[in-house]
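These notes concern the structure reproduced below.
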Amino acid sequence: MQLHPQRIRAGSRLFLAYALASLVPVLVLGLLLGQGYRREALDRGLAQGRSQAEVIEEMAVAPALGAHDLRDGLTKAETTQLQSATDLAIFSGSVVRLRLRSFTGQVIFSDDGSTANALPSDHIAFRTAANGGTDITVLEHGDGRSDLIRVLQPIIPNASGEATGVLELYLPYAAISAQVQTGLHGTYWRLVAGLAGLYLALALISWSATRRLRRHAAQRDYAALHDSLTGLPNREWFRMQAERAAGGPSGGQHGAIVLIDLDHFKEVNDTLGHHAGDVLLRIVGERLIESLRTDDTVCRLGGDEFGLVLPGLTGPTEAMELLRRVRDELSEDIALESVKLSIEASFGVALYPAHGTDVEVLLQKADMAMYQGKRGTSAIVVYESGTAPEKTQWLVLQGELRRALERDELLLHYQPKIDLRTGLTCGVEALLRWQHPQRGLLPPGDFLPAVEQSGLIQPVTAWVLRRALDDHAAWTARGASWRVSVNVSARNLEAPEFPEQVSRLLLATGTPAEQMCLEVTETALAGDAAVAARAIAALADRGIEVSIDDFGMGYTSLSQLRTLPVTEVKIDREFVRGLDGSEQDRSLVRSVIELVHGLGYTATAEGVETAATARWLAAASCDAAQGFYFAVPAPWQDLLTHHTAGTPPVALVTSRP
Ligand code: C2E
Ligand code: CA
Ligand code: CA
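Heads up: the sequence shown at position 357 corresponds to 468 in the working numbering, and the numbers run straight through without jumps.
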């Protein structure tokens, strides 16, 4: 699986964003918890100070004092006992300073005998104690002197149970804080470890999530750019590759864009089944990869079409050399469903920069070269400027035609078909015209070849059939009893749904099947005979008659003609034209008419331009004829006024010439 570098970069960025985003709440949580712990530690320190002070008051101070107000001073015995108790406490380090104060603030006793630095009596802490409360504060000096806990609380001698003064006590904070700090440190470490674990878990989750996302996206990328059947890159990828190779910023590079179309693939699909077709396509993909160089690109463009990007080829000779090797390897025999066959294909080559650097242009040229190969004898064709200049217009034409269909610019002219025995119009042939907005009324020769090379032939034929049947209904309603003949191309016969489509149209317009005839050129039969024969049989099954058009041009074997369920053969106008002058053409046409009759079909001559030809054909028992001599193709309304009158348009001699 190929991963895009951008995709990987985007994935890492996403993960980083996740990681940072989860770091923020973790840090905030840590800060809040840390602060909570600190406050709790301080509270613990204060509580410890308070209980220590209580112990000192109860054990050392209160027992030494009588129940009198401290304002009255201390007795000598009291002072001595206090002094010895405080000396002991100070010596043991549990007290730093101890003062007894009267409610008015007067220092009654001080462990060191001095009254300096006593807390002013209007201090809030002193007032709290004087009123019976306890004030306890940590004094942080931060200047090298050790921190203290200051406690102010009432003195309640044991005897009375009533406050007699205020005890001002300073305790060392270092020991308490150290004890608290050790507890705090442990908690901090646990907190840090817990948060780090949490963060790690979050990061892990986000990492695995981004990885899964990335893999998912890569799979999607892969599917979007690859063909599921062969595993080859698809058209999209081909375009990108071609663009990079031919039009990339590193201009001045040489190479080739190649389009490959398999020959007879449809036959394989139809006769051996779709599974065999799939196997064949896979084999083609493998063989192409094997026979090409490592930095060449092989893509499946769809159906039986493949595309190659071949960098580094400097000219047509080099390209031909490489592709001949590819073709040889491709055409090695394979066995499919135990049928041995060889894969043949047409290659169209466009070279960059010689034929352009724009991928669109290169593809068009490769396409033209490929079609030229399909019709000619060479399987590999390198585009040559000027080989088929009109085809450069094809793509433009195809685009215009698509619009023409939408804008209703197509129309049908009809050419009468004359019954040579009666001289009356027995049918009409629909001939397509395009009312081009700039170029005027175009005959089919100007645009049909382009249509036949594109998928447009299906909608165009559908349009022609529909219009012809609608027109048939219209002239029938006005009293004319003409059958209608419609030309269809070989491409229509290839579409398996075509016979059914025609049936449905007949039904939709209420036209009896025998009122219509489809004309198929003889060359269409020569192309993919089996496919055409099957289509003709399917049409015949539905009661739709088929006529062989332009007979004599395509070298259809007589035996083939015999097997087809057709009803009419139209003799090509090339032979009809020579009837007046060439004895050879006369004998040829005579034998064709006999052959056609022998097979039980009717013979129609096309391109009758003179009265002499018409007479000769009638005498030769040709059944029907068409041509400018009788009428030029025109809108059916025009024909109605000229060709329904009872008098035949020409006096025909019916005796044999
Ligand atoms: P086609 O089927 O052989 O049609 C007869 C062509 O010969 C018509 O040309 C007609 O105008 C021309 N023609 C008729 N009488 C004479 C004559 O006395 N002398 C000469 N020199 N020509 C005559 P058009 O209309 O240009 O059509 C050309 C071809 O285009 C048709 O040949 C037919 O194969 C194809 N075509 C026409 N309409 C359609 C269509 O709707 N679908 C398909 N697939 N092909 C069509
Ligand atoms: Ca025709
Ligand atoms: Ca014809």
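Glycine included, every Cβ here is placed at the ideal spot set by N, Cα and C.
{"Query": "V100 CB to nearest heavy atom of ligand 1 below 7 Å", "Result": "What is shown of the chain runs 112 to 768, which leaves residue 100 out entirely."}
{"Query": "DSSP state of I454 mapped onto helix, strand, coil", "Result": "coil"}
{"Query": "Element boundaries [beta strand (DSSP E), containing T713]", "Result": "T713 to A716"}
{"Query": "Sub-8 Å separation of L542 and P560 beta-carbons", "Result": "no"}
{"Query": "At least three beta-carbon pairs within less than 8 Å, the region 329-347 to the region 149-164", "Result": "no"}
{"Query": "Contact under 8 Å by Cβ, E656 with C628", "Result": "yes"}
{"Query": "Reduced DSSP secondary structure (H/G/I, E/B, other) of Q546", "Result": "strand"}
{"Query": "Residue nearest to L134 in terms of C-alpha spacing, selected from K187, G272 and L315", "Result": "L315"}
{"Query": "Cα-Cα separation, V777 to G467", "Result": "Here the chain covers residues 112 to 768 and nothing more, so residue 777 does not appear."}
{"Query": "Rounded separation between E723 and Q526 - CA only", "Result": "Note that residue 723 is Ala in the sequence shown, not Glu. Taking the straight line joining both Cα atoms gives about 20 Å."}
{"Query": "From L340, G538 and F237, residue whose alpha carbon lies closest to that of L751", "Result": "G538"}
{"Query": "DSSP state of G160 mapped onto helix, strand, coil", "Result": "helix"}
{"Query": "beta-carbon T533 near ligand 1 non-hydrogen atom, thresh 7 Å", "Result": "no"}
{"Query": "Distance cut-off 7 Å: E630 Cβ against heavy atoms of ligand 1", "Result": "yes"}
{"Query": "Exposure of S213, with buried meaning 16 or more beta-carbon neighbours within 10 Å", "Result": "buried"}
{"Query": "CA-to-CA distance, F220 to N242, given in whole angstroms", "Result": "20 Å"}
{"Query": "Chain-order list of residues whose beta-carbon lies under 7 Å from that of Y712 (same chain, five-residue window excluded)", "Result": "V677, T678, E679 and V680"}
{"Query": "Buried or exposed (CB count within 10 angstroms, at least 16 for buried), A70", "Result": "With the chain represented from 112 up to 768, any question about residue 70 goes unanswered, as that position is not in the structure."}
{"Query": "Cα-Cα separation between A285 and L230, rounded to whole angstroms", "Result": "22 Å"}
{"Query": "Reference K451; option with closest CA among V379, L127, T428 and Y463", "Result": "V379"}
{"Query": "Cβ-heavy atom distance, E603 to ligand 2, below 7 Å", "Result": "One detail in the question is off: residue 603 reads as Asn in this sequence, not Glu. No - ligand 2 has no heavy atom lying nearer than 7 Å to the Cβ of N603."}
{"Query": "Beta-carbon proximity check, V562 vs V571, cutoff 8 Å", "Result": "yes"}
{"Query": "Spatially closest choice to D338 from S600, A480, P136 and G414, by CA coordinates", "Result": "G414"}
{"Query": "Helix, strand or coil at E378 [DSSP, three-state]", "Result": "helix"}
{"Query": "Whether I368 touches A461 by CB criterion (8 Å)", "Result": "yes"}
{"Query": "Assumed close pair A152, V291 - CB separation to whole angstroms, cut-off 8 Å", "Result": "5 Å"}
{"Query": "Supposed contact pair Y310 and V139 - C-beta distance, whole angstroms, cut 8 Å", "Result": "V139 to Y310, Cβ: 12 Å. No contact."}
{"Query": "Bridge-paired residues (DSSP) for H337", "Result": "P344"}
{"Query": "Status (buried if at least 16 other CB within 10 Å, exposed otherwise) for M481", "Result": "buried"}
{"Query": "Of the residues D406, R589, R578 and A353, the one placed nearest L473, counting alpha carbons only", "Result": "A353"}
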